[in-house]
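**Student:** Residue numbers (my numbering): 2 to 287.
We treat Cβ as the ideally placed atom computed from N, Cα and C, and that holds for glycine.
Bear in mind the structure is a predicted one, so any value in this text is a computation, not a measurement.
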Amino acid sequence: MSEIKYDDKARHTAGAANNFRGLCWKLFLSGKWHYFILMISDHGRDIIRRKYDAFSTDRAYEPNFSGLFWPLGVLVDRFIWSFPLHQALRGRVRNVSDYLAEITARLVAEQGSARLISAPCGLIKDLIYTKQKLEQAGVSVSQVHFHGLDLDFNGDVIAEARRRADRAHLEIGLVRDDIFNIHRHYKGRFDIVNCIGLISWMELAEVERLVRYFAEQVISDRGYLLIDNFALHRNSAAGGDLEINTRYFEPKALKVLFARAGFELISEKTTSDGINTVYVLRKRAL
Ligand SMILES: C[S@@+](CC[C@H](N)C(=O)[O-])C[C@H]1O[C@@H](n2cnc3c(N)ncnc32)[C@H](O)[C@@H]1O
Numbered sequence: 002m003s004e005i006k007y008d009d010k011a012r013h014t015a016g017a018a019n020n021f022r023g024l025c026w027k028l029f030l031s032g033k034w035h036y037f038i039l040m041i042s043d044h045g046r047d048i049i050r051r052k053y054d055a056f057s058t059d060r061a062y063e064p065n066f067s068g069l070f071w072p073l074g075v076l077v078d079r080f081i082w083s084f085p086l087h088q089a090l091r092g093r094v095r096n097v098s099d100y101l102a103e104i105t106a107r108l109v110a111e112q113g114s115a116r117l118i119s120a121p122c123g124l125i126k127d128l129i130y131t132k133q134k135l136e137q138a139g140v141s142v143s144q145v146h147f148h149g150l151d152l153d154f155n156g157d158v159i160a161e162a163r164r165r166a167d168r169a170h171l172e173i174g175l176v177r178d179d180i181f182n183i184h185r186h187y188k189g190r191f192d193i194v195n196c197i198g199l200i201s202w203m204e205l206a207e208v209e210r211l212v213r214y215f216a217e218q219v220i221s222d223r224g225y226l227l228i229d230n231f232a233l234h235r236n237s238a239a240g241g242d243l244e245i246n247t248r249y250f251e252p253k254a255l256k257v258l259f260a261r262a263g264f265e266l267i268s269e270k271t272t273s274d275g276i277n278t279v280y281v282l283r284k285r286a287l
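Now the structure itself:
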C-alpha cells in the first residue's frame, strides 16, 4: 500500500503558502505588525502556526489562558478567547453534542444501539460532552458504539484524543487516515456521521464529493449526517492575512447540494451570534 502524504491532504492548511517564519516576514514587510501582539498568546501562536487544527480549535472550547511575558501573554490569550469566532466554536460544540445526544438516545430506544463515527474527530470534545449528556439522561452509553477518524497530519491528535477518552471513560475506536478512507477501516455502515470543522476548508465541488461519499459508502439507510458551515464575521478578514483559507458557503447552495446527494434536512441550529450553523441531515430511503 502506498504511504499517505499527510501534509497533502490536510484541508485546514490548504492554500497556506508560507511556514510560520515566512508568514512572520510577510506580515512584517506588509506593515501588519499588530499580529505580533497575538503571538505572545499561546493560542495566538497556535492559530498562526497550526491554523485551526484540532489543538488550536480545542483551545477555544475551555478557558485555560497562557502566554509569554506574564501577565501580558495571558491577557492577550484571554482577549483571543473572546473573539466572536471563538464564542461561535463554543456554541457549535454545545449544539453538536445536544444533537448527538438526542439522536443517539432515540436510536438506542428504537433499535437497541447506535453506531457513530466522528470524522474529523479532532480531540473528541463533542463526543465527551455527548457521553455526559447521555449519562445525565439515563441512556446506557454501552449501547452507543463510538468511533473517530482524523488525518492527524502531525501525529499528535489521535494520541491526545486517546488520552482524553481514557480520562473520560469513553470507549472509542480511533483511526488515523484521510476522510475519504473511512470505508477501508470498518465493516458495515454508521447510523450517524459527525463531520464538524472540515468543509470550511474545501471547495464546494469537494464538499459535494464528500457528502455523496458519506451517502454511498458510509451512512446506513435513514442514517444521519451532522455537518457545519460558517457565515462571515468580524474576525474573517484576519483569515486572509494569516493564510487561513476559510470558505463561507451560501446556505441555499449547501442545501441544494445536500438534497442532490440524497439527504433531507431534518434540523439546523445557528449560534446566537449567527456565525456557525450545524445541519442535521437524514439519508433518504432508496
Ligand atoms: C477544525 S478541526 C475540527 C476538529 C473537531 N471536529 C472539532 O470540532 O473540534 C479540523 C480537523 O480536521 C482534520 N483534517 C484535516 N484534513 C483532513 C482530512 N483530509 N481527513 C481527515 N481529517 C482531516 C484535522 O486534522 C483537524 O483535526
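Is Arg164 buried or exposed, if buried means 16 or more other CB atoms sit within 10 Å of its CB?
**Tutor:** Taking the sequence shown and counting its residues from 1, the one referred to as residue 164 is at position 163. Result: exposed.
**Student:** If you run the structure through DSSP and keep just helix, strand and coil, what is Val142?
**Tutor:** As a working mapping, residue 142 is identified with position 141 in the sequence shown. Looking at Val142 - three-state DSSP - the assignment turns out to be helix.
**Student:** Just to confirm my understanding: we take Ser42, look at its own chain, exclude 5 residues before and 5 after, and list those with CB closer than 6 Å. What are they?
**Tutor:** As a working note, residue 42 is residue 41 in the sequence shown. Cβ neighbours of Ser42 beyond the five flanking positions: Gly68, Gly74, Val77, Asp78, Ile81.
**Student:** Around the C-beta of Ser362, are 16 or more other C-beta atoms found within 10 angstroms, so that it is buried, or is it exposed?
**Tutor:** What the structure shows of the chain is the stretch from 2 to 287, and residue 362 is not part of that stretch, so it cannot be assessed.
**Student:** According to the neighbour-count rule (16 or more other Cβ atoms, all chains shown, within 10 Å of its Cβ), is Ile38 buried or exposed?
**Tutor:** As a position in the sequence shown, residue 38 is number 37, starting the count at 1. Exposed, because fewer than 16 other Cβ atoms sit within 10 Å of the Cβ of Ile38.
**Student:** Using a 10 Å radius around the Cβ and a threshold of 16 neighbouring Cβ atoms, would you call Asn230 buried or exposed?
**Tutor:** In the sequence shown, counting from the first residue as 1, residue 230 sits at position 229. Asn230 should be labelled buried.
**Student:** Alpha carbon to alpha carbon, how far is Asn236 from Glu207?
**Tutor:** Start at 1 with the first residue of the sequence shown, and residue 236 comes out as number 235. Start at 1 with the first residue of the sequence shown, and residue 207 comes out as number 206. Those two C-alpha atoms are separated by around 25 Å.
**Student:** Measure the beta-carbon distance from Ala115 to Gln144 and round it to whole angstroms, keeping in mind my assumption that it falls under 8 Å.
**Tutor:** Against the sequence shown, residue 115 aligns to sequence position 114. Against the sequence shown, residue 144 aligns to sequence position 143. Rounded, the Cβ-Cβ distance is 7 Å, consistent with contact.
**Student:** With DSSP collapsed to three states, give me the class of Leu282.
**Tutor:** Taking the first residue of the sequence shown as position 1, residue 282 is located at position 281. In the structure shown, Leu282 sits in a strand (DSSP, three-state: E or B).
**Student:** Taking 6 Å as the cut-off, is the CB of Leu152 close to at least one heavy atom of ligand 3?
**Tutor:** Absence of ligand 3 from the depicted structure is noted, with ligand 1 being the only ligands included.
**Student:** Where does Leu124 land, buried or exposed, given buried means 16+ other C-beta within 10 angstroms?
**Tutor:** Taking the first residue of the sequence shown as position 1, residue 124 is located at position 123. The residue is buried, with at least 16 neighbouring Cβ atoms inside 10 Å.
**Student:** For the candidate residues Arg95, Val212, Gly156, Leu128, whose alpha-carbon lies nearest to that of Ala11?
**Tutor:** Here residue 11 refers to the residue found at position 10 of the sequence shown. Residue Gly156 is the option with its Cα nearest to Ala11.
**Student:** Answer yes if the region 120-139 comes into contact with the region 98-111, meaning at least three C-beta pairs across the two stretches below 8 Å, and no otherwise.
**Tutor:** yes
**Student:** Is Leu107 near ligand 1, judged by its Cβ being under 6 Å from some heavy atom?
**Tutor:** Start at 1 with the first residue of the sequence shown, and residue 107 comes out as number 106. Note that residue 107 corresponds to Arg in the displayed sequence, not to Leu. For ligand 1, not one heavy atom lies less than 6 Å from the Cβ of Arg107.
**Student:** Tell me which residue opens and which closes the beta strand (DSSP E) that Val176 is part of.
**Tutor:** As a working note, residue 176 is residue 175 in the sequence shown. Taken as a continuous stretch (DSSP letters only), the beta strand (DSSP E) holding Val176 covers 173-177.
**Student:** If I follow the unbroken beta strand (DSSP E) through Asn96, where does it start and stop?
**Tutor:** Counting from one through the sequence shown, the residue named residue 96 turns up at place 95. It is not in any beta strand (DSSP E) - Asn96 instead sits in the alpha helix (DSSP H) that spans 85-112.
**Student:** To the nearest whole angstrom, what separates the beta carbons of Val281 and Glu269, a pair I think is in contact under 8 Å?
**Tutor:** For the purposes of this step, residue 281 is taken as the residue at position 280 of the sequence shown. For the purposes of this step, residue 269 is taken as the residue at position 268 of the sequence shown. The Cβ separation is near 7 Å, so the contact holds.
**Student:** Would the C-beta of Gly198 count as close to ligand 1, meaning under 6 Å from any of its heavy atoms?
**Tutor:** Along the sequence shown, read from residue 1 onward, the residue named residue 198 stands at position 197. Result yes, Cβ under 6 Å from ligand 1.
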